[in-house]
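Undergrad: The sequence shown begins at 2 in this note's numbering and counts up one residue at a time. Note that beta-carbon positions come from the ideal geometry of N, C-alpha and C, so glycine has one too. For clarity, every value in this text was computed on a predicted model and none was experimentally measured.
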Amino acid sequence: MTETRASNIIIRLNSFPKTISDAKVNLTEPVATFANNALANCYEPTRRLNECKQALMPMFPVKLQSQLDKAITIAASALEDYIVWLENNKNNMSEKFSVGRENYEYFLRDIALIPYTPEQLLLMGKQDWNRSVAFDIYEEMRNREIPKPKIFKTIEKQNKQQRIDESDIRKFLENNNITSVPDWLKHYKTEKIPAHIIPFKNMGVVDDLTSESRLSEDAVAYIPDPSPDLSYFRLATAQDPRPIIIHEGVPGHYFQLALSWANSNPIRRHFFDSGSIEGIGFYVEELLLQFGLFEDRPHTRETIYSFMRLRALRVDIDINLALGNYTIDQAGAYLALTVPMDEATAIEEARFFAMTPGQAITYQIGKLQILKFISDAKIAQQEKFDLRNFHDYMMENGNVPITLQRWEYLGLTDEVKNLWPTDN
2 MTETRASNII
12 IRLNSFPKTI
22 SDAKVNLTEP
32 VATFANNALA
42 NCYEPTRRLN
52 ECKQALMPMF
62 PVKLQSQLDK
72 AITIAASALE
82 DYIVWLENNK
92 NNMSEKFSVG
102 RENYEYFLRD
112 IALIPYTPEQ
122 LLLMGKQDWN
132 RSVAFDIYEE
142 MRNREIPKPK
152 IFKTIEKQNK
162 QQRIDESDIR
172 KFLENNNITS
182 VPDWLKHYKT
192 EKIPAHIIPF
202 KNMGVVDDLT
212 SESRLSEDAV
222 AYIPDPSPDL
232 SYFRLATAQD
242 PRPIIIHEGV
252 PGHYFQLALS
262 WANSNPIRRH
272 FFDSGSIEGI
282 GFYVEELLLQ
292 FGLFEDRPHT
302 RETIYSFMRL
312 RALRVDIDIN
322 LALGNYTIDQ
332 AGAYLALTVP
342 MDEATAIEEA
352 RFFAMTPGQA
362 ITYQIGKLQI
372 LKFISDAKIA
382 QQEKFDLRNF
392 HDYMMENGNV
402 PITLQRWEYL
412 GLTDEVKNLW
422 PTDN
């Protein structure tokens, strides 16, 4: 580990007390449900941070090891104090976590630039839910005589197959004229979760998709040993790495972000809402299904349709949590039963979406915006329409909301005017 990276870890650990002190001041309207979410994530911080320290020490520069030891103690103490503060104050916190219609509509119109009402979004999600369930039924019947895929026996075999699949997907994109894969673009790889990250593997997606200043590095996603007891997305990856390669890696998040980070316009290298990014990540899953990528492993098509069911349901969950129609437990139970998926992942999703209103719709609604964008482009350009050109533009400008991409690419202003109607 470089001294710079080690120093950055120490700086962040030492920042914990100030961050938590500020949090206590800034939480002027704390919510009991979110306090419980924080407590669920922040269990046993001293033990977990010490496990992290023990794993980091062998790779840490010797001259910084004593500073790491001290910083871990400082960070753990701050988190333990925060837990006590949350426990002591949560009974006085509000039970209302929904942002309400007015705030939600403001987010849609002025932040995400989505030209639809909550009711329109619910209908759009329901229509795609019906479609995904029907297609899932067809696929299961189509594959009923084909043996189910087995889980990889070892993580080494899974990582080896992941590298083969990632390379094959890049070739597939070029050979089918779907989108351009630049020679300079590095790879998206999986590795076993490092020991220093294991104590915090419940804190979100464990990956490193690089950054604007690190385009010469491979992206890495950290995975556990394959097992039938893995959670929803992990289990899918342990059977076939490709669905997650596509969404998270190539041609999904890493691919799009890397191309956007290389955009000649520096403003477009950064995003302020994930709507277009998650829309692209979801869109490319079915794109490659329709192009026939999964013909060699047909049960993976069922995985894609299961993912589609989940993303359609997220629209319902997001909007009804934001409008106060669902509790988190109700939303989690609904996801677990209806996708279906494991209860732990379902509750984790519901908690996250309650705290980030507008995020869960981005997958489904972003994809539908892209499909409308393609349709409009084909009608406008007729025989001049080029799918590869379209995708190249969308990927390079993937941080820009789809509504604005459509305006620039086609000159169509109807959606923008729908966002901000005028009398003129």
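1. Using only CA atoms, which one of T357, D330, G359 lies nearest to T346?
2. Could you check what DSSP says for T423 in three-state terms: helix, strand or coil?
3. Give me the Cα-Cα distance between D274 and N398, rounded to the nearest whole angstrom.
4. Could you work out which residue in A337, T191, F295, T304 is closest to L314 when comparing CA atoms only?
5. Taking buried to mean at least 16 other C-beta atoms within 10 Å of its own C-beta, is T301 buried or exposed?
6. Could you tell me if T363 is buried or exposed, where buried requires 16 or more neighbouring beta carbons within 10 angstroms of its beta carbon?
7. With a cut-off of 8 angstroms, do at least 3 Cβ pairs link the stretch 205-215 to the stretch 132-139?
8. Taking the DSSP output, what are the residues bridged to S95?
9. Quick check on the DSSP output: the beta strand (DSSP E) that includes A222 runs from which residue to which?
10. Out of curiosity, what's the CA-to-CA distance linking L420 and L114?
11. Alpha carbon to alpha carbon, how far is Y394 from Q406?
12. To which residues does DSSP link D209 through a beta bridge?
13. In the DSSP assignment, the beta strand (DSSP E) including V189 goes from what residue to what residue?
14. Closer than 8 angstroms is the cut-off here; do at least three beta carbon pairs connect the stretch 192-203 with the stretch 55-69?
15. At the level of alpha carbons, what is the spacing between L123 and D317?
16. For D226 and P422, I'd like the C-alpha separation in whole angstroms.
17. Please state whether the Cβ-Cβ distance between M396 and S261 is less than 9 angstroms.
18. Could you tell me the distance, in whole angstroms, from the CA atom of R102 to the CA atom of A33?
19. Is it the case that the Cβ atoms of I152 and A239 are separated by a distance below 9 angstroms?
20. Mind reading off the beta-carbon distance from E4 to P62? Whole number of angstroms is fine, and I expect it under 8 angstroms.
21. With a 10 Å radius around its C-beta and 16 neighbouring C-beta atoms as the bar for buried, classify D166 as buried or exposed.
22. Taking the CB atoms as reference points, tell me whether F354 and D319 lie closer together than 9 angstroms.
23. If we count the other Cβ atoms within 10 Å of its Cβ and call it buried at 16 or more, is I305 buried or exposed?
24. Return the chain-ordered list of same chain residues with a C-beta closer than 6 angstroms to the C-beta of L65, the five sequence neighbours on each side being excluded.
25. Name the residue from Q128, N15, F272 whose alpha carbon lies nearest to the alpha carbon of M309.
26. In this structure, does DSSP put Q360 in helix, strand or coil?
TA: To lay it out plainly:
1. Taking the first residue of the sequence shown as 1, we reach residue 346 at position 345. Here the closest residue by C-alpha is D330.
2. Here residue 423 refers to the residue found at position 422 of the sequence shown. T423: coil per DSSP, three-state reduction.
3. To locate residue 274, count along the sequence shown from 1; it is residue 273. To locate residue 398, count along the sequence shown from 1; it is residue 397. In a straight line, the C-alpha of D274 is about 13 angstroms away from that of N398.
4. The sequence position of residue 314 within the sequence shown is 313, counting from 1. The shortest Cα separation from L314 among A337, T191, F295, T304 belongs to A337.
5. Counted from its first residue, the sequence shown places residue 301 at position 300. With 16 or more other Cβ atoms within 10 Å, it is buried.
6. For the purposes of this step, residue 363 is taken as residue 362 along the sequence shown, with counting starting at 1. Buried, because 16 or more other Cβ atoms sit within 10 Å of the Cβ of T363.
7. At 8 angstroms Cβ cutoff, the stretches do not touch.
8. Translated into positions along the sequence shown, residue 95 becomes position 94. In the DSSP output, where bridge partners are listed per residue, S95 has V32.
9. The count along the sequence shown starts at 1 and reaches residue 222 at position 221. Run containing A222: 220-224, per the beta strand (DSSP E) assignment.
10. What you label residue 420 is simply residue 419 of the sequence shown in a count that begins at 1. What you label residue 114 is simply residue 113 of the sequence shown in a count that begins at 1. Each residue's alpha carbon lies about 7 angstroms from the other.
11. For this step, residue 394 is matched to residue 393 along the sequence shown. For this step, residue 406 is matched to residue 405 along the sequence shown. Near 9 angstroms, if we compare the C-alpha coordinates of Q406 and Y394.
12. Counted from its first residue, the sequence shown places residue 209 at position 208. V221, per the DSSP bridge assignment.
13. Here residue 189 refers to the residue found at position 188 of the sequence shown. The amino acid at residue 189 is misidentified as Val; the sequence shows Tyr. Run containing Y189: 189-193, per the beta strand (DSSP E) assignment.
14. yes
15. Residue numbering aside, residue 123 sits at position 122 when the sequence shown is read from its first letter. Residue numbering aside, residue 317 sits at position 316 when the sequence shown is read from its first letter. Rounded to the nearest angstrom, the two C-alpha atoms are 6 angstroms apart.
16. Position 225 of the sequence shown holds residue 226. Position 421 of the sequence shown holds residue 422. The alpha-carbon atoms of D226 and P422 are separated by roughly 53 angstroms.
17. Indexing the sequence shown from 1 puts residue 396 at position 395. Indexing the sequence shown from 1 puts residue 261 at position 260. Contact: yes.
18. On the sequence shown, position 101 is the one that residue 102 refers to. On the sequence shown, position 32 is the one that residue 33 refers to. Roughly 21 angstroms separates the two Cα atoms.
19. Position 151 of the sequence shown, counted from the first residue, corresponds to residue 152. Position 238 of the sequence shown, counted from the first residue, corresponds to residue 239. Yes, the pair counts as a contact, with Cβ atoms nearer than the cut-off.
20. Position 3 of the sequence shown, counted from the start, is the residue given in the question as residue 4. Position 61 of the sequence shown, counted from the start, is the residue given in the question as residue 62. Right, the Cβ-Cβ distance comes to about 5 angstroms (below 8 angstroms), so this counts as a contact.
21. Walking along the sequence shown from the start, residue 166 turns up at place 165. D166 is buried by the Cβ-count criterion.
22. For the purposes of this step, residue 354 is taken as the residue at position 353 of the sequence shown. For the purposes of this step, residue 319 is taken as the residue at position 318 of the sequence shown. Cβ atoms of F354 and D319: closer than 9 angstroms.
23. The sequence position of residue 305 within the sequence shown is 304, counting from 1. Buried: at least 16 other Cβ atoms inside 10 Å.
24. As a first step, residue 65 must be located in the sequence shown, where it is residue number 64. Closer than 6 angstroms at the Cβ level, and outside the excluded window around L65, lie A7.
25. Here residue 309 is taken as the residue at index 308 of the sequence shown, counted from 1. If we check each option's Cα against that of M309, Q128 comes out closest.
26. As a position in the sequence shown, residue 360 is number 359, starting the count at 1. Assignment of Q360 by DSSP, reduced to helix, strand and coil, places it in the coil class.
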